[in-house]
Amino acid sequence: MKKKNNSLINIIAALITFIVQMFISFWLSPFIISKLGEESYGFINLANNFVSYASLIAVAINSMASRYISLEYNSARFEEAKKYYSTVFWANCLLFVIIIICSSIIVQRLDCFINISPNLVAQVKITFMLSFVNMGVSLLGTVYTAAAFTTNKMHLNSLIQIIANVGKSFLLLSLFTFLPAKIYYFSIALLTAGLITLIGNYIVSSRLLVGFKAQKKYFELKKIVILVKSGVWVLISNVSNIL
Numbered sequence: 000m001k002k003k004n005n006s007l008i009n010i011i012a013a014l015i016t017f018i019v020q021m022f023i024s025f026w027l028s029p030f031i032i033s034k035l036g037e038e039s040y041g042f043i044n045l046a047n048n049f050v051s052y053a054s055l056i057a058v059a060i061n062s063m064a065s066r067y068i069s070l071e072y073n074s075a076r077f078e079e080a081k082k083y084y085s086t087v088f089w090a091n092c093l094l095f096v097i098i099i100i101c102s103s104i105i106v107q108r109l110d111c112f113i114n115i116s117p118n119l120v121a122q123v124k125i126t127f128m129l130s131f132v133n134m135g136v137s138l139l140g141t142v143y144t145a146a147a148f149t150t151n152k153m154h155l156n157s158l159i160q161i162i163a164n165v166g167k168s169f170l171l172l173s174l175f176t177f178l179p180a181k182i183y184y185f186s187i188a189l190l191t192a193g194l195i196t197l198i199g200n201y202i203v204s205s206r207l208l209v210g211f212k213a214q215k216k217y218f219e220l221k222k223i224v225i226l227v228k229s230g231v232w233v234l235i236s237n238v239s240n241i242l
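Counting in numbering that gives the first Met the number 0, the sequence shown runs from 0 upward without gaps.
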């Protein structure tokens with residue numbers, strides 16, 4: 000009965016999250032476009048597209064992370080669960096460093112790759128850089144989302160997502176209402192939401208998975224191989240969707 004109740008709560012929370020996101024998309028987007036103009040707003044979507052391409056490198060590792068952590072944890076093989084937990088975290092830290100280095104090089108010469116109006120170059124570069132940083136923050140927090148999945152308390156992740164979306168919306172409204180419109184405001188708001196999500200999921204993880212910490216001694220290369228083998232089909236599917 001408890002599991003059924005948890006599942007129902009999870010579904011309701013996910014539905015509320017979806018409604019909040021839809022409201023934000025339909026109500027905020029026209030507001031932002033009216034402030035920035037279509038040309039400037041287009042660079043926000045372009046930055047998000049670049050990030051979605053870059054995020055593909057992490058899909059194979061992270062797509063099955065929660066599944067393996069949950070499987071080991073609920074089978075009372077806690078040491079193995081900790082190994083997957085730590086391995087995913089440190090692998091994502093390495094990916095974060097690689098992404099930041101590569102994106103810094105790309106952003107520095109961004110105006111050589113895409114056509115940008117001279118008066119918008121600085122804003123667009125800041126937008127792209129913040130978008131890549133936000134992607135890195137999301138990567139670092141991926142392993143913490145496994146806690147709610149493992150303990151069937153996904154509604155906690157949904158609650159955090161709702162708080163993050165509301166915070167993002169409030170910040171966007173404040174920035175575009177009280178300050179001169181800039182393209183990178185959207186990226187600042189996304190990064191803020193990402194940090195809220197990271198902190199929230201970390202707190203949830205520390206309370207639900209007591210004793211689970213990302214320790215280097217638990218890192219195992221063979222765990223990455225297992226995760227990549229399982230997640231490669233998800234990666235292929237995502238590449239297919241993008242193409």
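We put the CB at the ideal spot given by N, CA and C, even for glycine.
Just so you know, these numbers come straight off a predicted model, no measurement behind them.
Spatial neighbours of Phe148 in its own chain (CB-CB distance under 7 Å, excluding positions within 5 residues in sequence) are listed in chain order as Ser65 and Ser69. Residue state for Val209 is assigned as coil, using DSSP reduced to three classes. By the Cβ-count criterion, Ala163 is buried, with 16 or more other Cβ atoms from all chains shown falling within 10 Å of its own Cβ. Arg108 and Asn118 have their alpha carbons spaced roughly 16 Å apart. Within a 10 Å sphere around the beta-carbon of Thr176 sit fewer than 16 other beta-carbons, which makes this residue exposed. For Tyr52, the uninterrupted alpha helix (DSSP H) run begins and ends at Glu37 to Ala53, by DSSP. Segment contact: the segment 88 to 98 against the segment 54 to 61, three or more CB-CB distances shorter than 8 Å; contact assigned.
Here DSSP, grouped into helix, strand and coil, assigns Lys152 to coil. Nearest C-alpha to Ser157 among Tyr183, Thr196, Ile43 and Thr126: Thr196. DSSP places Glu78 inside the alpha helix (DSSP H), whose first and last residues are Phe77 to Gln107.
Across the set Lys82, Tyr67 and Ile31, the C-alpha of Lys82 shows the shortest separation from the C-alpha of Phe211. Ile105 and Asn73 have their alpha carbons spaced roughly 43 Å apart.
Taking C-alpha positions only, Ile125 is separated from Phe218 by approximately 34 Å.
Contact check for Val142 against Leu190 fails: the beta carbons are separated by 9 Å or more. Here Ile115 carries a coil assignment [DSSP, helix/strand/coil]. For Gln214, the secondary structure class from DSSP, reduced to helix, strand or coil, is coil. Distance between Gly36 and Ser236, taken at the CA atoms: about 34 Å. Shown here, Ser173 sits in a helix according to DSSP, grouped into three states.
Distances from the alpha-carbon of Ile10 to those of Phe22, Asn44, Lys152 and Glu38 put Lys152 closest.
Counting only residues of its own chain and dropping the five nearest sequence neighbours on each side, Ile241 has no CB closer than 6 Å to any other CB. For Ser137, the uninterrupted alpha helix (DSSP H) run begins and ends at Val120 to Gly140, by DSSP.
Remark: C-beta atoms of Lys181 and Leu174 approach each other more closely than 9 Å.
For Glu219, there is no enclosing alpha helix (DSSP H), as DSSP marks it with neither H nor E. Apart from the 5 residues on each side of it in sequence, Ser186 sits with its Cβ closer than 6 Å to the Cβ of Thr126, Leu129 and Ser130 in its chain, given in chain order.
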